[in-house]
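Read through the structure below, which is laid out as structure tokens, and then see the notes.
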């Protein structure tokens with residue numbers, strides 16, 4: 415498991431360290447560094463896989479960050495950018511030179527030295543961007559062997575994975591309890607349908623390769639006698655935005671890093687709360703989950719996942735980081751959670767807008 419991330423001179427982050435747990439939740443004001451932290455993980459993963467002497471800033475696994483002058487913190491005292499991550503007690507560190515402001519890449523000046531060739535920072539890695547693919551008439555086929563497939567940066571390959579791998583066996587600890595009781599199997603398709611049922615009740619999926627093309631057609635229906643298969647466009651954005659999260663979650667192994675930006679997007683408040691529970695369940699099952707969110711419903715779903723005798727995840731497996739901007743740089747506040755689901759602190763701006771608005775409304779109603 416990754417236990418800590420340190421960043422220097424990257425975008426709005428001049429210098430910051432972040433303790434990480436099986437479930438790490440990032441929140442905060444807009445443009446305060448949440449995405450930058452997650453992007454550093456994607457960049458380190460890319461470098462570990464490719465072992466190059468440069469880091470592209472344009473079209474990096476779906477990211478497009480511009481030039482060196484865009485990546486370098488405006489308050490940096492030098493032109494060095496540093497990413498470090500500690501896993502199982504060993505620190506992996508990269509240093510980049512951003513001296514040429516218009517270069518579309520960073521030059522790697524220092525690479526990590528692993529204690530042995532088999533020790534890596536990352537295993538399986540999934541990154542789901544906040545701008546995921548919505549309803550489509552058809553979806554892409556990925557030109558990779560099955561063992562190398564992922565859901566894609568925007569979730570675009572989730573229907574393809576369902577089409578070719580629907581009978582894949584899901585790890586038992588990931589399985590939906592009701593699916594095991596009612597069907598007794600661990601097929602990917604059935605597990606995805608049961609977990610998706612937490613967000614959209616009684617949903618079923620059918621994903622088929624379109625003959626003679628490199629496309630996949632996704633259909634869905636609500637289980638019932640009179641229900642018919644329909645196109646995703648007739649079901650709204652929430653289902654298509656959520657499906658890749660669930661498919662990726664069911665494919666995780668112990669040690670897999672799963673990053674999800676705004677998993678609450680296009681979901682009803684109840685479904686947002688259940689999404690918090692689902693992500694906690696994944697983390698408790700061995701994946702390391704990083705979440706960026708603006709949803710107090712998702713936050714409360716995670717708190718409920720910690721509290722109680724049957725809670726799926728222990729409180730010391732969850733951590734929150736609240737990021738704000740001051741003097742044009744990122745300032746993180748770390749928030750812990752106890753076994754009752756109580757948070758160690760509640761800084762101003764941390765999921766408190768509902769309370770503020772209701773208090774203002776109450777005063778307005780009383781005083782006119």
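Numbering (this note's numbering), first residue to last: 415 to 782. Quick reminder that beta carbons are idealized off the backbone N, C-alpha and C, glycines included.
Would you mind sorting residue 547 into buried or exposed? The rule is 16 or more other CB atoms within 10 Å of its CB.
buried
Residue 498 - containing beta strand (DSSP E), residue span:
494–501
Between 714, 666, 665, 698, which lies nearest to residue 688 when the distance is taken from Cα to Cα?
Considering only alpha carbons, the answer is 714.
Between residue 738 and the rest of its own chain, which residues show a CB-CB distance below 6 Å, the 5 nearest in sequence each way excluded?
So the list reads 442, 443, 446, 745, once near-sequence residues are dropped.
Check this for me: beta carbons of residue 509 and residue 496, under 7 Å apart or not?
yes
At the level of alpha carbons, what is the spacing between residue 388 and residue 750?
Residue 388 is absent from the structure shown; the chain starts at 415 and stops at 782.
Looking at the structure shown, is residue 629 part of a helix, part of a strand, or coil, going by DSSP?
Note: residue 629 maps to strand in three-state DSSP.
Using a Cβ-Cβ cutoff of less than 6 Å, which residues in the same chain neighbour residue 657 once the five nearest sequence positions on both sides are dropped?
572
Hey, residue 541 and residue 456 are a contact pair by Cβ (cut 8 Å); roughly how many whole angstroms apart?
5 Å
Flag this pair as yes or no: are the beta carbons of residue 511 and residue 521 separated by less than 7 Å?
yes
With burial defined as no fewer than 16 other Cβ atoms inside 10 Å of the residue's Cβ, what is the status of residue 773: buried or exposed?
exposed
In terms of residues, what are the limits of the alpha helix (DSSP H) holding residue 458?
Residue range 448–464 is occupied by the alpha helix (DSSP H) that includes residue 458.
CA-CA distance, residue 641 and residue 735?
44 Å
Which of the three DSSP states is assigned to residue 432 in this structure?
strand
If the criterion is Cβ atoms closer than 7 Å, does the pair residue 697 and residue 727 meet it?
yes
Start and end of the beta strand (DSSP E) containing residue 488?
No beta strand (DSSP E) holds residue 488; DSSP gives it neither H nor E.
Find the nearest neighbour of residue 691 within the set 768, 624, 613, judged by alpha-carbon distance.
613
Euclidean distance between Cα positions of residue 560 and residue 439
Cα to Cα, residue 560 sits roughly 30 Å from residue 439.
Would you identify the three-state DSSP class for residue 746, choosing helix, strand or coil?
strand
Compute the Euclidean distance between the alpha carbons of residue 646 and residue 619, then round it to the nearest angstrom.
10 Å
Alpha-carbon spacing of residue 611 relative to residue 590, whole angstroms:
If you draw a straight line from the Cα of residue 611 to the Cα of residue 590, it is about 10 Å long.
Take residue 616 and list the residues in its own chain whose beta-carbon comes closer than 8 Å to its own, dropping the five residues that flank it on each side.
636, 637, 638
Could you tell me which residues DSSP pairs with residue 739 in its beta bridges?
744
Is residue 420 close to the ligand SAH? I mean its beta-carbon at under 6 Å from any heavy atom of the ligand.
Here there are no bound small molecules, and the ligand SAH is not part of this structure.
In three-state DSSP terms, what is residue 651?
helix
DSSP three-state assignment for residue 609, whether helix, strand or coil:
helix
Residue range of the unbroken beta strand (DSSP E) whose run includes residue 706
From DSSP, the beta strand (DSSP E) with residue 706 extends over 702–706.
Please classify residue 720: does DSSP put it in a helix, a strand, or coil?
DSSP places residue 720 in helix when its eight states are reduced to three.
Tell me whether residue 434 is buried or exposed, calling it buried when 16 or more other Cβ atoms sit within 10 Å of its Cβ.
buried
Endpoints, alpha helix (DSSP H) assigned at residue 576
572–579
Measure from the alpha carbon of residue 422 to the alpha carbon of each residue in 694, 487, 578, 477, then state which is nearest.
487
Mapping the DSSP letters down to three states, classify residue 756 as helix, strand or coil.
coil
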